[in-house]
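Chemist:
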Amino acid sequence: MAKTVKRPEPTWKPAAAGAVTAFVLGVAVAFLLGAWTSGPDATERRIAELREAEAQRDVAQIGALTDLARGTRDRLTPVLTGMAEAAPADASTGVVPGAEEVAGWRDVVAAELRRYSETPSAGNGVNVARTALATSVRQLAVAVGGFEAALTAPDPLRGRLVGLASEQRTLALGTWSVGALQLDVINIEAGKGHVHVQLDPRSAPLDAEPEGSARR
């Protein structure tokens, strides 16, 4: 009767399997380590690049808005002077404006409204300043409408309309002051220094710092 001889198991199989497993694990660990070390850095670099691009865009927008505000102040000064003469803030008797003069106010203010109709993309600080300045111009347009309505209104309605127009003008000046303060803040933050663009020359200065100071 033949004897059954038990063959020994080959010793190379477990060793080969272990080597393959170790190699696969090594590749996976290396991949994960590479992703962990390079991924966040790449993301952070991209975020920094986007922030830098936004900052440069805002600097350009701040300059453009400041120029616009200064131009608006200069163009609206004759209108505000005429309104102050027609309805003094101290409620004293004013000089009744003529239809031609009021029509001139309307044309000037309408042109300013068109200038503020564009809203280029910008950061929150710029948007707040632009919105306040634009709202002020719209309020001033309402004041002009009040003076226009008063031209043909009988007394005592005429006096009431002039009074309401004067109050609207005062609101416009107050709203502009908010925008001017924000414009000052964003100019300082952008390294351009203080910018004081007050619409009413009789109003108190925004601060005691000279214009252009705190520039970086």
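Each residue of the sequence shown is one higher than the one before, starting from 1382 at the first, in this note's numbering. C-beta atoms are modelled at their ideal positions from N, C-alpha and C, and glycine is treated no differently. It should be emphasised that the depicted structure is a prediction, and the values quoted were computed from it without experimental measurement.
1) My output table needs one value for A1530: the three-state DSSP class, helix, strand or coil.
2) Are there three or more Cβ pairs, one per stretch, closer than 8 Å when the region 1504-1513 is compared with the region 1538-1551?
3) Rounded to whole angstroms, what is the Cα-Cα separation between L1554 and L1545?
4) Taking the beta carbon of E1466 as the centre, do at least 16 other beta carbons fall within 10 Å, making it buried, or is it exposed?
5) If you drop the 5 nearest sequence neighbours on each side, which residues of the same chain put their C-beta closer than 7 Å to that of A1534?
6) Measuring only the C-alpha atoms, how far is L1457 from L1580?
7) Quick check on the burial criterion: 16 or more other C-beta atoms within 10 angstroms. Buried or exposed for V1476?
8) Tell me the rounded alpha-carbon separation between T1556 and A1445.
9) State the CB to CB distance for the pair L1552 and A1522, rounded to an integer number of angstroms; the pair is presumed to be in contact (CB under 8 Å).
10) Rounded to the nearest angstrom, how far is the Cβ of V1483 from that of E1548, given a contact under 8 Å?
11) Our contact map puts G1572 next to S1594 with C-beta atoms below 8 Å; I'd like the distance itself, whole angstroms only.
12) Out of Q1442, T1447 and E1425, point me to the one whose CA is closest to D1565's CA.
13) When burial is assigned at 16 or more other CB atoms within 10 Å of the CB, is T1418 buried or exposed?
14) Run through DSSP, which three-state label would E1499 get?
15) Measuring alpha carbon to alpha carbon, tell me which of G1479, W1486, E1570 and V1559 ends up nearest S1584.
16) Measuring straight from C-alpha to C-alpha, what distance separates S1502 and D1536?
17) How far does the alpha helix (DSSP H) with R1656 in it reach, from first residue to last?
18) Tell me the rounded alpha-carbon separation between Q1520 and H1577.
19) Just how far apart, CA to CA, sit D1588 and A1450?
20) Here's the rule: buried if 16 or more other CB atoms are within 10 angstroms of the residue's CB, otherwise exposed. What is S1517?
21) Could you have a look at Q1520 and say whether DSSP puts it in helix, strand or coil?
Modeler: Judging by the given coordinates:
1) helix
2) no
3) Rounded to the nearest angstrom, the two C-alpha atoms are 14 Å apart.
4) exposed
5) L1542
6) 8 Å
7) By the beta-carbon neighbour count (other beta carbons within 10 angstroms, threshold 16), V1476 is exposed.
8) 20 Å
9) At roughly 12 Å, the Cβ-Cβ gap does not stay under 8 Å, so L1552 and A1522 are not in contact.
10) That pair is no contact at about 17 Å.
11) Going by Cβ atoms, the distance from G1572 to S1594 rounds to 12 Å, so no, they are not a contact pair.
12) T1447
13) Here T1418 scores only 49 on pLDDT, less than 50, and its place in the model should not be relied on; the value that follows carries that caveat. Answer is exposed; the Cβ neighbour count stays below 16.
14) coil
15) V1559
16) Whole-angstrom Cα-Cα distance: 48 Å.
17) Because the chain in this structure spans residues 1382 to 1597, residue 1656 falls outside the shown range and cannot be described.
18) 21 Å
19) Straight-line Cα distance between these residues: approximately 18 Å.
20) buried
21) helix
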